[in-house]
Structures are given as structure tokens and as C-alpha cells.
Amino acid sequence: MQAYKKEFIDLALELGVLRFGEFTLKSGRVSPYFFNAGLFNTGYAAARVGRYYAAAIADSDLKFDQLFGPAYKGIPLAALTAASLAEHQDIDVPFAFNRKESKGHGEGGNIVGGALEGR
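For what it's worth, this note's numbering labels the leading residue of the sequence shown as 58, then goes sequentially.
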């Protein structure tokens, strides 16, 4: 197992992001584990998650030209991953995210960030 994978799991366990037990999900299904990414809520944890996601993407040989973070929890993940790709993998790509509600003023619309047209 690559080091970044083990470090990600270790961090998730340390912070209580990944818990084992019996959890009833929103769907009503019972799960033996629960993953609460909202608990990656410090600068240290967020930076590490961005670095792990960037390492996983770089390791995957996936061809891509942009990252997209769906509102709301995906927004910081896309930003952190893009920053870590640039800083640690020398891969500079734009990122974008959506708003749940469209804006009628300013730049308007519901997509913010890198242009999605043609991608």
C-alpha cells in the first residue's frame, strides 16, 4: 500500500472521521462504518487531505484538465486538491464548483471558477 493511503486512513481514524459500529444512514440502511469528512476541519487536516487526494490522482494516471467540487463539501476538497497538485505534483489545473442557488448579479450563474465549456 502506498504511504499516502495508509496516512489518509491513519488520519481519518485519529480524528474520528472514520468510525466503526452500527450507523443508520439517511437512506435508512444500516452501515458498519461511518465516514464524516466534515471532521477534517483544521488547517493541518485539510492540508493533509488535499495532499493525499493529489497523490492519489497523480498515482492513478487519470487524464484530466480540471477539477470540480460539487457544493458544498466538494468545494474545499477541489481547492485543496488543486493547490496540492500544483505544490507537490507540479500539475497546475483549474478548478470550479457549483452554487446550489444561481446568482442573478455579479458574474451570475451557478458555476464558479475555471470555465467548463469544451471540457
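C-beta atoms are modelled at their ideal positions from N, C-alpha and C, and glycine is treated no differently. Nothing here was measured: the structure is a model prediction, and the numbers come from that model.
Do you know offhand how far residue i's Cα is from residue j's?
i	j	result
A115	P151	15 Å
M58	I66	11 Å
K62	A172	31 Å
If the criterion is Cβ atoms closer than 8 Å, does the pair residue i and residue j meet it?
i	j	result
L198	A139	Outside the modelled stretch of the chain, which goes from 58 to 176, sits residue 198, for which no answer is possible.
If I follow the unbroken alpha helix (DSSP H) through residue i, where does it start and stop?
i	result
R108	G100 to S117
G170	Counting along the chain, G170 falls outside any alpha helix (DSSP H), though it belongs to the beta strand (DSSP E) covering G166 to G170.
Y61	A60 to E71
Closest to residue i by CA distance: which of the options is it?
i	options	result
K130	S88, L82 and F154	F154
F80	N93, P89, V169 and V74	P89
R76	F92, K83 and K62	F92
R156	G126, E174, D147 and H145	G126
Leaving out five residues before and five after residue i in sequence, what residues of the same chain have Cβ atoms less than 8 Å from its Cβ?
i	result
A103	F97, P133 and L137
Apart from the five residues on each side of it in sequence, which residues of its chain come closer than 6 Å, Cβ to Cβ, to residue i?
i	result
Q146	A111 and A115
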